[in-house]
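Residue numbers (our numbering): 5 to 320.
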């Protein structure tokens, strides 16, 4: 009856009970029925793989349920990855990647009564929309949404939404990166590499420090916003492991990127997606280019892993 914590070691956890249509985790997805936290070692180390299962790995829809996911990767589902509703969810230091087999498969679906907080998380390479939020509240901080098959972020009928220091990027496809209906999105210190589309009742409230490339489709109207930035001037690096104990991939800007110093200092978060301290010339987007020490770890599996081949480093 009380809240539980599930601790997972490094490795790939394959979900193999294929099937669907029930809500007791007998087959298919893992149905969250009570308050629970699932904690791994890092998105690059602890992977929940749902290939061939026929459903998304996680579904949480019981009223009043609290779900916490930390330091995990959710990958290779035939459909979406996380279906969230009614309860309260916290997703930190996770990566949701390479899920779905078609454009209708949504990587993270939040709906009706969900209160979602995402921090230091990457949603990338999924075949459909990266994050779709319907009739709910959500707060995103230091989040990368990149290279998904449809919109990176779609929000409709949200009761509250804010995104601070996010990198939303996929200018290569024809879909809008940010799509909004009957909602107002508050964006601060965020990079949109692509287009915004505002449907009926849709609005974006810029709090400042935002960067759009390569056009000016997002209504970024604050003095500290920067628009019409060419992709060359934005100079985002490819999605890669740029360090940090969470193990999520990020787009590291080049040294001369237009994102450098573009953020509003008043809204600058103390650290970036990797846990690196942000400097005084705070950068827009999820990751800071800095000379500060990037946090890392010496042991992969607590202090029980004696084989140095499994260590991330052998010299402190």
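Even glycine gets a Cβ: it sits at the ideal position worked out from N, Cα and C. All figures in this text were calculated on a predicted structure; none of them were measured in a lab.
Nearest to residue i by alpha carbon, out of the options?
i	options	result
residue 53	84, 41 and 64	84
residue 79	47, 14 and 37	47
residue 173	133, 210, 165 and 264	133
residue 268	204, 239, 210 and 253	210
residue 224	15, 202 and 141	202
residue 59	159, 103 and 155	103
residue 141	155, 124, 113 and 127	113
residue 123	247, 99 and 111	99
residue 136	42, 147 and 160	160
residue 5	162, 276, 186 and 38	38
residue 62	19, 151 and 286	19
residue 284	68, 271 and 57	271
Since residue i is in the alpha helix (DSSP H), which residue starts that stretch and which ends it?
i	result
residue 236	235-238
Starting from residue i, follow its DSSP beta bridges and name the residues at the other end.
i	result
residue 71	40 and 93
residue 243	255
residue 224	Paired residues: none, contrary to the question.
residue 200	182
residue 35	63
residue 217	197
residue 79	53 and 101
What is the residue span of the beta strand (DSSP E) that residue i lies within?
i	result
residue 278	Element bounds for residue 278: n/a, residue is neither H nor E.
residue 115	112-115
residue 60	Unbroken run through residue 60: none, as it is neither H nor E.
residue 293	Per DSSP, residue 293 belongs to no beta strand (DSSP E) and is neither H nor E.
residue 135	135-138
residue 127	119-128
residue 146	141-150
residue 208	207-212
residue 158	157-160
residue 167	164-168
residue 190	188-192
Please tell me whether residue i and residue j are closer than 8 Å, where the distance is taken between their beta carbons.
i	j	result
residue 64	residue 94	no
residue 262	residue 237	yes
residue 229	residue 219	no
residue 282	residue 126	no
residue 190	residue 155	no
residue 180	residue 151	no
residue 131	residue 105	yes
residue 75	residue 45	yes
residue 69	residue 12	no
residue 273	residue 168	yes
residue 171	residue 199	no
residue 279	residue 249	yes
Does the beta carbon of residue i come closer than 8 Å to any beta carbon on chain D?
i	result
residue 151	Among the protein chains of the structure shown there is no chain D, as only one such chain exists.
**Asked** For the 8 Å Cβ check, are there 3 or more pairs between the region 284-294 and the region 238-257?
**Response** Judged by pairs of C-beta atoms under 8 Å, the region 284-294 touches the region 238-257, as three or more such pairs exist.
**Message:** When you compare the region 209-217 with the region 184-195, are there three or more beta-carbon pairs, one atom per stretch, that lie closer than 8 Å?
**Reply:** With a cut-off of 8 Å, the region 184-195 and the region 209-217 count as touching, because enough Cβ pairs lie within range.
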